[in-house]
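Notes for the one structure printed next.
Residue numbers (our numbering): 465 to 1166.
The following block contains the structure:
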């Protein structure tokens, strides 16, 4: 059957007077386009479907009930309530959107429990304010996707329209991909490397003349063991030359995109101006490199600006769709392909009919469905969409989408549990007696997997990279820094509390260098208490969200208590630490994934909103002849899971000679200490974490 908007059988009830919609936007804004561009025609949807709703009368539909659909060359207004009643998902495109985790709640008797971080999140997403809540300067951008805060749709609108017609195709993509990466040289290091390159070139010129070879490439291609040293030098020379050639194209791309002032940049050098431009590019495009120009950054620079912007739109819509649908599966449970590229079988489960079906990638499917029903398939489609909608439209804009059917295991209260695999573990001290770093390779890195139990099965929903504790530097009671193994607890635990916008209470052992920062106050740069790491905020040591690990203890009299040893699963602004570094014992996640995960848990478990939990913490500390105050009025916005979510932390694979961690401080190689023996440990779980469950300090029971 062919569905068309003029057919009453294809529309929902009351279509006797339906007529073919026009190609105009259903509620065209009278606000002038700042780019002065004409309104583009609406594209066709990509998949015909019967879920097209009857157009709604704009004048009778309040903004909160408005949604759109693109259908048969028409973007039209539909009733959001009617869409929900028909089983469609209404995806929120408003600038005021924030994830489920940051919603306001209420007490059992209906009193409001305001989540104050919601407005901070919205201000950051809309490029209105900074992390301290202060207004951004004119033209200021946040670029916080890597930190868990995707840009609002009106921010993307501005980006798409500003970049329309910007052509950077003059960049040599072959040169960009001629190397695997470019390090972030410092000024002196870069000069030294260039000098080495010139001297090496002079030496190689003599070798070429002696051997009668045409060029360095000919020498590098030899497989003659007697010329091993010269061949190695030739290959190093070509590799460095390839990096410099790629850097020249990076420079062109950043200038083309308007990311740096040519007057502040020294051509041909990876200086501060170019480095800042590259970091901005990486943050805007959610690339995990940081100043170092890795392969991912180089590949992104080979793509058009429009393609990169389209990828950003897809990421933003993925977050909106994921939260709107209350879904989580993103394909991460699928095993990686074999070394030869052959795909491995995807994990399956038995549905209600007993049929083995693959665990779906609901996030990708829902994201694509959202794009389809917005009529967006290409960067040009996206630009046309943003031209049709002025910024004020994003005060109400939503889209009604037929999402993929949820699997049978989706229930109102899902039997969720978590497994954290610590992977390969090294307890050995990582330095020898001479202070040389010892190799401790890890093939298996830590992962966190969320399962649901259903119909006699344990079904994995997501499997994400995480962290565990390891060897870390810590200040002891004598005021000196030592090394200490700060491991992650093993065995059964539970998540009893989830915390939105948590604060981190720095233990007394925290080095003071990270407790202060430079900030411009009243036009003057000065040292102030560093609340970035403490929170609440995306730069907090706990990121945007956390779950508290506690050990459930059942006593002889039947009383149940929960012991808090300071371990958390939490988001992290230190996103590169998830590539293989260690935590202080906690299990880190990328901030956006932590927000997804805990929002999903709250939506699919019985829980109680506790709201802001009072802390009233104050600490004064002395640094560089100045006294600083740290004040934390609340711990964060708390939710109580009842029943708690079980967590099992696996021991992992113990490598090396030691089969248990060293219990105590170890002197750092090359450091001077006043005594021969390190001081004893404090023994406080605050050394791992600060921010206990309500009713219990770390190391106590509640």
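Note that CB positions come from ideal geometry on N, CA and C, so glycine has one too.
Alpha-carbon to alpha-carbon, residue j and residue i
| i | j | result |
| --- | --- | --- |
| residue 1049 | residue 1111 | 15 Å |
| residue 672 | residue 683 | 7 Å |
| residue 705 | residue 659 | 13 Å |
| residue 711 | residue 765 | 11 Å |
| residue 694 | residue 931 | 42 Å |
| residue 708 | residue 762 | 13 Å |
| residue 607 | residue 1070 | 35 Å |
| residue 768 | residue 923 | 40 Å |
| residue 549 | residue 1014 | 41 Å |
| residue 535 | residue 778 | 20 Å |
| residue 1135 | residue 977 | 18 Å |
| residue 1026 | residue 783 | 34 Å |
| residue 802 | residue 870 | 30 Å |
| residue 758 | residue 517 | 47 Å |
| residue 831 | residue 781 | 6 Å |
| residue 1116 | residue 890 | 10 Å |
| residue 804 | residue 634 | 35 Å |
| residue 883 | residue 917 | 13 Å |
| residue 1077 | residue 1092 | 24 Å |
| residue 675 | residue 702 | 18 Å |
| residue 571 | residue 1105 | 15 Å |
| residue 735 | residue 1037 | 25 Å |
| residue 1046 | residue 628 | 42 Å |
Identified DSSP bridge partners for residue i
| i | result |
| --- | --- |
| residue 959 | 1013, 1109 |
| residue 913 | 883, 927 |
| residue 1051 | 1033 |
| residue 933 | 1047 |
| residue 865 | 553 |
| residue 812 | 822 |
| residue 1073 | 1103 |
| residue 1117 | 888 |
| residue 964 | 1009, 1101 |
| residue 902 | Paired residue(s): none; residue 902 is not in a bridge. |
| residue 953 | Residue 953 is not bridged to any residue. |
| residue 1084 | 1093 |
| residue 939 | 945 |
| residue 540 | 533 |
CB contact below 8 Å: residue i versus chain B
| i | result |
| --- | --- |
| residue 937 | In summary, chain B is missing from the structure at hand, where a single protein chain is found. |
When the options are compared against residue i, the one with the closest alpha-carbon
| i | options | result |
| --- | --- | --- |
| residue 1179 | 857, 1002, 862, 824 | There is no way to answer for residue 1179, as the model of the chain reaches only from 465 to 1166. |
| residue 786 | 1116, 1056, 644 | 1056 |
| residue 1169 | 552, 625, 958, 544 | The question about residue 1169 has no answer, for the chain in this structure spans 465 to 1166. |
| residue 887 | 834, 678, 939, 951 | 951 |
| residue 1040 | 1124, 1054, 1132, 1029 | 1054 |
| residue 873 | 906, 812, 894 | 812 |
| residue 854 | 1141, 681, 577, 622 | 622 |
| residue 857 | 980, 617, 1108, 942 | 617 |
| residue 1012 | 927, 1058, 1043, 987 | 1058 |
| residue 844 | 820, 773, 821, 679 | 773 |
| residue 589 | 601, 582, 577, 614 | 614 |
| residue 1083 | 1076, 1094, 1090, 1075 | 1094 |
| residue 1004 | 1016, 725, 1034 | 1034 |
| residue 1101 | 677, 1009, 900, 652 | 1009 |
| residue 537 | 936, 1047, 840, 920 | 840 |
| residue 664 | 564, 1144, 700, 636 | 700 |
| residue 754 | 956, 639, 646 | 646 |
| residue 566 | 654, 927, 964, 593 | 964 |
| residue 974 | 956, 954, 942 | 942 |
| residue 551 | 864, 591, 745 | 864 |
| residue 721 | 808, 742, 679, 1143 | 742 |
| residue 906 | 927, 1043, 940, 1032 | 1043 |
| residue 413 | 962, 815, 847, 714 | The shown model of the chain, from 465 to 1166, leaves out residue 413, and the question about it has no answer. |
| residue 898 | 1085, 620, 1133 | 1133 |
Expected contact under 8 Å - CB spacing of residue i and residue j to nearest Å
| i | j | result |
| --- | --- | --- |
| residue 795 | residue 828 | 6 Å |
| residue 999 | residue 959 | Contact flag wrong, Cβ pair sits at about 19 Å. |
| residue 866 | residue 817 | Actually they do not touch by this definition, with Cβ atoms about 22 Å apart. |
| residue 1068 | residue 880 | 7 Å |
| residue 611 | residue 1002 | 4 Å |
| residue 946 | residue 1131 | 6 Å |
Which runs of the alpha helix (DSSP H) spanning at least 4 residues fall entirely within the stretch 724-781, listed in chain order? 736-748, 759-766
* **Length-filtered (4 minimum) alpha helix (DSSP H) runs lying within the stretch 826-877** => 826-837, 843-852
Practice problem: Ignoring anything shorter than 4 residues or poking outside the stretch 628-709, list the alpha helix (DSSP H) runs there in chain order. | Solution: Runs of the alpha helix (DSSP H) inside the stretch 628-709: 637-640, 651-675, 680-684.
Which complete beta strand (DSSP E) runs does the stretch 544-629 hold, if anything under 3 residues is left out?
553-556
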